[in-house]
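Visitor: Can you read through this structure? Questions will come right after.
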Amino acid sequence: MNSEARTDVVEPVLRIVPREQHAVSRKNISKAALRVLYRLHEAGYEAFLVGGAVRDLLLGEHPKDFDVATSATPDEVKKLFRNCRLIGRRFRLAHVVFGGEIVEVATLRGTGEEGEEGEGDRRIVDGRIVRDNVWGTIEEDVVRRDFRVNALYYDIADFSVRDYVGGMQDLEERVLRLIGDPATRYREDPVRMLRAVRLAAKLGFRIDAAAAAPFEELGPLLTEAAPARLFDESLKMFFAGHGLKSFRMLEQCGLLKFMFPATARALKRGDAALRSLIEQGLANTDARVAEGKSVTPAFLFAVLLWGEVRDLAHAWLAKGADLNEAWLRAAARVVGEQCERVAIPRRFTLAMEEIWALQPRFEQIQRKRVFRLMAHPRFRAAFDFLLLRAAESPAIRELGEWWAHAQQLPQEVLAAALPAGGGGALAESVPAATVGAPPRKRRRRRRPSGKSGSA
Ligand code: ATP
Ligand code: MG
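Residue numbers for the sequence shown follow my numbering, beginning at 18 and rising by one.
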């Protein structure tokens with residue numbers, strides 16, 4: 018190891034904050050986490066609540082999960098709990114399951130620089146941590162954590178909070194500071210840059226200047242991060258109630274282009290309608306999360322990538338491709354590129370492709386096609402998407418209104434009002450095609466062959 022060369026090694030200095038001087042109460046810790054903590058403690062191991070849970074409790078928030086750190090090794094943890102699974106290779110830990118809740122139990126990590134301890138190993142390749150399984154003491158564990166506010170330990174032995182690196186001070190100042198030299202910490206794990214953005218958005222904290230300074234230079238390292246991990250991180254960013262804020266910060270910090278290159282490109286072109294569509298999509302998702310409603314990643318990812326898909330489809334149409342082909346090709350290209358960065362699972366990309374491909378069909382106001390579209394399993398999402406696109410043009414807004422109205426009508430009334438093969442009073446009130454470019458040409462091409470449109 019190159020420990021001598023490092024000037025950034027942090028010397029932890031313990032400050033114990035006794036129970037009566039902090040806000041972490043067992044009342045607010047989940048039963049499952051408390052049981053895990055007590056059982057570890059009774060078995061003679063050190064046991065702490067750590068990370069985001071302590072941070073959030075000190076801020077008076079409800080943690081979304083409770084992580085435990087202990088001096089027990091994963092195997093020892095497994096022996097103590099019947100309902101325990103060991104997981105992870107890069108970072109081995111135990112999952113203890115209690116009544117549907119999972120408590121993550123991690124063994125205190127060491128740096129491994131003083132020879133191999135325990136059963137694990139720690140490996141660093143090009144400054145990047147690729148394996149992190151050397152057990153250690155709390156003093157060693159603390160300096161491996163990312164932000165000072167994430168390095169507070171609630172000790173079940175005496176209910177005190179242990180602060181080794183100034184986390185309490187940062188909580189008061191509402192700032193995210195990295196432990197150690199920021200560039201080194203980002204090189205070890207570039208995803209920490211995204212965590213900075215996400216936590217700042219979630220907590221309403223600012224990112225310390227020193228922690229933000231390396232973003233420009235080191236942002237490109239994100240392209241080497243595992244796409245599956247970036248997918249997980251993107252879920253935490255956009256589906257935890259603070260998506261809009263995360264997105265704006267991601268863009269401001271210059272990191273959006275490494276996660277969602279197509280989105281960053283489309284926005285850079287200065288498309289105000291697209292920006293408003295994306296921001297509205299994120300705000301709607303945040304509102305649904307706040308109301309405890311379900312959210313589907315497919316919809317929001319479809320929103321994020323829409324600008325590029327639409328423009329590519331238009332380009333194919335202009336080259337003479339038929340409607341289906343243009344949209345399929347555009348979707349395949351955009352999804353393909355995106356998944357190299359953020360591994361969106363197939364079930365979501367399929368749904369995204371359907372939402373996109375259904376957009377031009379909203380313009381086909383003929384009896385059979387209208388009913389066929391309404392019966393499509395993805396109609397609801399595609400219609401919501403159309404409504405979101407209202408910002409694109411007055412014509413799209415009117416189209417959205419037409420479909421909203423059409424769904425209110427009894428079937429017979431709607432059927433009677435619709436032309437069998439295009440034209441007719443109701444259809445004429447519908448705005449001209451606006452999805453395919455150029456619209457009028459596309460209509461002419463499509464009609465006589467009658468083969469494009471719904472499958
Ligand atoms: P959230 O509120 O999203 O759960 P969190 O800080 O708890 O935020 P987790 O991913 O649950 O995030 O991680 C728990 C703790 O593990 C963190 O608080 C931090 O101490 C440590 N940690 C997580 N990821 C990293 C990382 N990439 N580098 C260093 N420490 C990390
Ligand atoms: Mg957490």
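Here a beta-carbon is modelled for each residue, glycine too, at the ideal position from N, C-alpha and C.
Whole angstroms are fine: how far does the CA of F176 sit from the CA of P35?
Guide: What you label residue 35 is simply residue 18 of the sequence shown in a count that begins at 1. What you label residue 176 is simply residue 159 of the sequence shown in a count that begins at 1. The straight-line gap from Cα to Cα measures roughly 7 Å.
Visitor: Do three or more CB pairs link the region 361-368 to the region 335-342 at distances below 8 Å?
Guide: With a cut-off of 8 Å, the region 335-342 and the region 361-368 do not count as touching, because too few Cβ pairs lie within range.
Visitor: Roughly how many angstroms lie between the CA atoms of K95 and G117, to the nearest whole one?
Guide: Within the sequence shown, numbered from 1, the residue matching residue 95 stands at position 78. Within the sequence shown, numbered from 1, the residue matching residue 117 stands at position 100. Going by the C-alpha atoms only, they are around 18 Å apart.
Visitor: Using 8 Å as the cut-off, classify the Cβ of R107 as near or not near the heavy atoms of ligand 1, replying yes or no.
Guide: As a position in the sequence shown, residue 107 is number 90, starting the count at 1. No.
Visitor: Checking 9 Å against the spacing of the C-beta atoms, do R191 and R223 come in under that value?
Guide: Counting from one through the sequence shown, the residue named residue 191 turns up at place 174. Counting from one through the sequence shown, the residue named residue 223 turns up at place 206. For R191 and R223, yes; Cβs fall inside 9 Å.
Visitor: Hey, A70 and D84 are a contact pair by Cβ (cut 8 Å); roughly how many whole angstroms apart?
Guide: Counting from 1 along the sequence shown, the entry for residue 70 is found at position 53. Counting from 1 along the sequence shown, the entry for residue 84 is found at position 67. Their Cβ separation, rounded to whole angstroms, is 6 Å, which keeps A70 and D84 in contact under 8 Å.
Visitor: Do you know how far the Cα of P244 is from the Cα of D288?
Guide: One-based indexing of the sequence shown puts residue 288 at position 271. One-based indexing of the sequence shown puts residue 244 at position 227. Computed Cα separation, rounded: 28 Å.
Visitor: Give the DSSP-derived three-state secondary structure of A230 in the structure shown.
Guide: Start at 1 with the first residue of the sequence shown, and residue 230 comes out as number 213. Three-state DSSP puts A230 in coil, outside helix and strand.
Visitor: When DSSP builds the beta bridges, which residues end up paired with W152?
Guide: For the purposes of this step, residue 152 is taken as residue 135 along the sequence shown, with counting starting at 1. W152 is bridged to R126.
Visitor: Following a CB-centred definition, is K81 positioned closer than 8 Å to any heavy atom of ligand 2?
Guide: Position 64 of the sequence shown holds residue 81. Yes; taking the cut-off as 8 Å, the Cβ of K81 has a heavy atom of ligand 2 nearer than that.
Visitor: Does the beta-carbon of K274 have 16 or more other beta-carbons within 10 angstroms, so that it is buried, or is it exposed?
Guide: Along the sequence shown, one-based indexing puts residue 274 at 257. Per the 10 Å Cβ criterion, buried.
Visitor: Using a Cβ-Cβ cut-off of 6 Å (strictly less than) and excluding sequence neighbours within five positions of A368, which residues of its own chain qualify?
Guide: Residue mapping note: residue 368 aligns to position 351 of the sequence shown, counting from 1. A315.
Visitor: Please identify the residue among L405, A228, L252, T124 whose C-alpha is closest to the C-alpha of T313.
Guide: On the sequence shown, residue 313 is found 296 positions in, with the first residue counted as 1. T313 has its Cα closest to that of L252, out of L405, A228, L252, T124.
Visitor: If I measure Cβ to Cβ from R395 and keep anything under 8 Å in the same chain, skipping five residues before and after, which residues do I get?
Guide: In the sequence shown, the residue the question calls residue 395 occupies position 378. A368, E371, I372, L375, listed in sequence order.
Visitor: Compute the minimum distance between the beta carbon of A70 and the heavy atoms of ligand 2, and state whether it is under 8 Å.
Guide: The residue labelled residue 70 in the question sits at position 53 within the sequence shown. Yes, since a heavy atom of ligand 2 falls inside the 8 Å radius drawn around the Cβ of A70.
Visitor: What three-state label does DSSP hand S446 in the structure shown?
Guide: By 1-based counting over the sequence shown, the position of residue 446 is 429. Residue confidence for S446 is low, a pLDDT of 48 falling below 50, so the modelled location carries little weight; the figure read from the coordinates is stated next. Residue state, collapsed to three classes: coil.
Visitor: Would you say D84 touches ligand 2, meaning its beta carbon is less than 8 Å from a heavy atom?
Guide: The residue labelled residue 84 in the question sits at position 67 within the sequence shown. Indeed, a heavy atom of ligand 2 lies less than 8 Å from the Cβ.
Visitor: Using C-beta distances below 8 Å, list every residue in its chain close to Y62, excluding the 5 sequence neighbours before and after it, in chain order.
Guide: If you number the sequence shown from 1, residue 62 lands on position 45. So the list reads T87, S88, A89, E93, once near-sequence residues are dropped.
Visitor: Let me make sure I understand the geometry here. Which of R378, L405, L404 has the alpha-carbon closest to that of A392?
Guide: What you label residue 392 is simply residue 375 of the sequence shown in a count that begins at 1. The shortest C-alpha separation from A392 is found at R378.
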